[in-house]
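Comments concern the structure below.
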Amino acid sequence: MISRAIEDTELQEHISSLPADGREVFLLSDGNIRLSSVSATTMLNKMKANHNTGFIETYVLGQAYIAAALLSSVVKGKDRVQMDIECGGPIKGLSVESWASGAVRGFLRNNPIPLSKPLENLDTSPLFGPGFMTITKILEGSKAPFSGQIMLEYGNIAKDLALYFSQSEQTPSLFYLSIRFDDKGRVWGAGGIFIQALPGCPENILEELQAKAAELTNMGLFLSEGRSAKEYVEEEFGKWKPEHIGHTPIGFSCPCSRDHFRSYLSALPENDRKAILEGEFPLVLECLNCGTDYSFDKAEIEKLFMEEK
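Our numbering numbers the first residue of the sequence shown as 159 and each following residue consecutively.
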């Protein structure tokens, strides 16, 4: 992956003043609840720079990136989690992937999102429309990935993820995704919360947490002030005696490379190679997941194809 520079000097200074992005994991209420929180301001700004997203695209894809970082808190080692949405609205869908190690990547199927009229609010349901959400866990050592799917009910990533865990994994869960924009439309603070009931969790604790989730302090604003995701949990959920059990750095990262795309080109059948050589140069291939462009001139392609012969 090639990271594009964030050219806004004021934004650079703001980001550098914040704690590093990361994922924190807690147990609440004597081990009955597992809570993951992420701070993701830098990650979303780097995502925005690479994918060249506008305001609404940053909001939608940014929520998906935060959700992905939270989802991978339930896997370990080299395991990863994918979230795919296919829908009939103008977004058409999105795909994000995150590793247990904290790397996150992904893309919108329509960027920019075609809108018939300006949005009046940040209700994303008209943008998604009818569709499906698929969650896939790719676990190291497993012969096949584990995958589950639901129909979109809310057109809201946080609410539809909670529905997914309720229906597909029979686990009561809550998601809270927060992005704070400044008056210039820049991501000034971003983070999220993922709460899961563990086996045997009393109903009254779940009810209390559901009530709390409806009145949480704006997390994006909290993080934009230079405070951490760990502090947020300790302040907001102090009543449930949070026990901090883990920290993982998170960030926008993609394992793509120029060599990867060279290997792809070298494996093409003869007809495709001929079409490429008869086409325009330089040949530019884009990694959808991170927005990186890899350029190849004609001499390099000719040499590559000759080597393969």
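The beta carbon of each residue, even a glycine, is placed where N, CA and C say it ideally should be.
{"Check": "Test item: CB-CB of alanine 425 and leucine 381 under 8 Å", "Outcome": "no"}
{"Check": "C-alpha gap between glutamate 393 and serine 386, whole angstroms", "Outcome": "11 Å"}
{"Check": "Whole-angstrom C-beta distance between leucine 319 and leucine 266, which should lie under 8 Å", "Outcome": "17 Å between Cβ atoms; not a contact."}
{"Check": "Threonine 294 - containing beta strand (DSSP E), residue span", "Outcome": "289-296"}
{"Check": "CA-to-CA distance, serine 283 to asparagine 314, given in whole angstroms", "Outcome": "6 Å"}
{"Check": "Nearest residue (CA-CA) to tyrosine 390, options Ser197, Ala261, Ser253", "Outcome": "Ser197"}
{"Check": "Chain-order list of residues whose beta-carbon lies under 6 Å from that of arginine 338 (same chain, five-residue window excluded)", "Outcome": "Trp346, Gly347, Gly378, Leu379, Ser382"}
{"Check": "Span of the alpha helix (DSSP H), counted from its first residue to its last, around tyrosine 217", "Outcome": "213-229"}
{"Check": "DSSP-derived helix/strand/coil call for threonine 406", "Outcome": "strand"}
{"Check": "Coarse secondary structure for isoleucine 173, derived from DSSP in three states", "Outcome": "helix"}
{"Check": "Contacts around serine 175, its chain only, beta-carbon distance under 7 Å, and the 5 residues preceding and following it disregarded", "Outcome": "Gly384"}
{"Check": "Cα-Cα separation between phenylalanine 290 and isoleucine 243, rounded to whole angstroms", "Outcome": "6 Å"}
{"Check": "From Asp166, Val442, Ile363, residue whose alpha carbon lies closest to that of aspartate 455", "Outcome": "Val442"}
{"Check": "C-alpha distance - glutamate 310 paired with proline 288, whole-angstrom precision", "Outcome": "Reading off the sequence shown, one finds leucine at residue 310, where the question assumed glutamate. Cα to Cα, leucine 310 sits roughly 6 Å from proline 288."}
{"Check": "First through last residue of the alpha helix (DSSP H) which encompasses glutamate 365", "Outcome": "361-371"}
{"Check": "Sufficient close CB pairs (3 or more, under 8 Å) joining the region 240-257 to the region 218-232", "Outcome": "yes"}
{"Check": "Spatial neighbours of leucine 193 in its chain, beta-carbon cut-off 6 Å, leaving aside the 5 residues before and after", "Outcome": "Phe184, Leu186, Ile353"}
{"Check": "According to DSSP, residues forming a beta bridge with cysteine 245", "Outcome": "Gly289"}
{"Check": "Of the listed residues Asn376, Pro270, Gln170, Cys245, nearest to tyrosine 312 (C-alpha basis)", "Outcome": "Cys245"}
{"Check": "Residue(s) in a DSSP beta bridge with arginine 416", "Outcome": "None; arginine 416 has no bridge partner."}
{"Check": "Cβ neighbour criterion (16 or more within 10 Å) applied to aspartate 179", "Outcome": "buried"}
{"Check": "As assigned by DSSP and simplified to three states, the class of tyrosine 312", "Outcome": "coil"}
{"Check": "Range of the contiguous alpha helix (DSSP H) that encloses isoleucine 434", "Outcome": "428-435"}
{"Check": "Limits of the unbroken alpha helix (DSSP H) element including phenylalanine 380", "Outcome": "377-382"}
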